[in-house]
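In my numbering, the protein residues as written are 1 to 292.
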């Protein structure tokens, strides 16, 4: 959705126009005291006030233009005091950042391109934190879900939309339905929906939730068939079958002890015996070192 300073628009016959076209999106009017009035326009007609994505305006927060004042090193001041409220940042008339601050500290924020495409979203809900990043092309780049005491995890995707990294810890997989009900942009609704994702040929799985059962599920449904490099980090896998990974060339094991590994229908072997057996062309790395 386009987000533009109203000064760039022309008003004619009760409608707002941008570059000769009726404007649909969010228009920002900035007063002399830097206070911002934001409205939503549809086909150039005002349909209501804009509700900031970072916090509710019903809470009585001031909305101001903080362009050039949002820094990782300095607290933004408004009227000589650390600012609390909704702040906006503009780039060539386009609103590219919105933040919610308390005493100058950013609690939540979102970023957009000048064309109005969201590229970053960090706005926790009342159950957990959720952070998303998108490529400028619009594809999801990554998502991280965190709680203070419970589950945490996330996903990262290539620009082509393939899953390259999955982390799942402290019950994250079991919590996916709960996450999906509350999260704003979470890409799956159930654990089974994971199999609908396209998988990169270079895949990293991280976290204790990735155990024998979940890895077996990924293998059985064919998700790992095209994987050539598999990295397992701090996972809960004990017995690893490579039967459903016909294209695998490298296996990396880090942060956990793999009890047994096999390729095909044979018996599980310890990693060293598996490699020395010579029955597989897969290179195995443990702790960053190749097993020979």
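Heads up, the beta-carbon is just placed ideally off N, CA and C, and yes, glycines get one too.
Does the distance from the C-beta atom of residue 269 to that of residue 245 stay below 8 Å?
Result no, Cβ atoms of residue 269 and residue 245 do not sit closer than 8 Å.
Taking only runs of the beta strand (DSSP E) that begin and end inside the region 71–95, which ones reach a length of at least 3 residues, in chain order?
Listed in chain order, they are 85–91.
Determine contact between the region 226–237 and the region 246–254, defined as no fewer than three beta-carbon pairs at a distance below 8 Å.
Judged by Cβ distances under 8 Å, the region 226–237 makes contact with the region 246–254, as three or more pairs qualify.
Measure the beta-carbon distance from residue 155 to residue 187 and round it to whole angstroms, keeping in mind my assumption that it falls under 8 Å.
Right, the Cβ-Cβ distance comes to about 7 Å (below 8 Å), so this counts as a contact.
When you compare each of 174, 202 and 178 to residue 213 by their alpha carbons, which one comes out closest?
When only C-alpha atoms are compared, the closest one is 174.
Let me know the secondary structure DSSP gives residue 39 once reduced to three states.
Note: residue 39 maps to strand in three-state DSSP.
With C-beta atoms as the reference, is residue 157 less than 8 Å away from residue 139?
Yes. Within cutoff.
In chain order, what residues of the same chain have a beta carbon less than 8 Å from the beta carbon of residue 137, not counting five sequence neighbours either side?
Cβ neighbours of residue 137 beyond the five flanking positions: 159.
For residue 101 versus residue 83, is the C-beta spacing smaller than 8 Å?
Going by C-beta atoms, residue 101 is nearer than 8 Å to residue 83.
In three-state DSSP terms, what is residue 272?
Residue state, collapsed to three classes: helix.
With contact counted as at least three CB pairs below 8 Å, one residue from each stretch, are the region 109–119 and the region 91–98 in contact?
These segments touch.
Taking the CB atoms as reference points, tell me whether residue 194 and residue 248 lie closer together than 8 Å.
Their beta carbons are not under 8 Å apart, which means residue 194 does not touch residue 248 by this criterion.
Let me make sure I understand the geometry here. Which of 287, 242, 1 and 15 has the alpha-carbon closest to that of residue 257?
For residue 257, the nearest C-alpha among the options comes from 287.
What does the Cβ neighbour count give for residue 151, buried or exposed, with the cut at 16 atoms within 10 Å?
Buried is the call here.
By Cβ distance, which residues of its chain are closer than 8 Å to residue 106, with the 5 residues on each side in sequence left out?
So the qualifying residues of the chain are 70, 99 and 100.
Using alpha carbons as the reference points, say which of 199, 2, 221 and 165 lies closest to residue 192.
Nearest option by C-alpha distance: 221.
Within the continuous beta strand (DSSP E) that includes residue 238, where are the two ends?
Element bounds for residue 238: n/a, residue is neither H nor E.
Check for me: the beta strand (DSSP E) holding residue 141 runs from which residue to which?
Where residue 141 is concerned, the enclosing beta strand (DSSP E) stretches over 140–146.
Quick check on the burial criterion: 16 or more other C-beta atoms within 10 angstroms. Buried or exposed for residue 55?
Residue 55 is buried by the Cβ-count criterion.
Pick out whichever of 274, 178 and 207 has its Cα sitting closest to the Cα of residue 165.
Comparing Cα-Cα distances from residue 165 to each of 274, 178 and 207, the minimum goes to 207.
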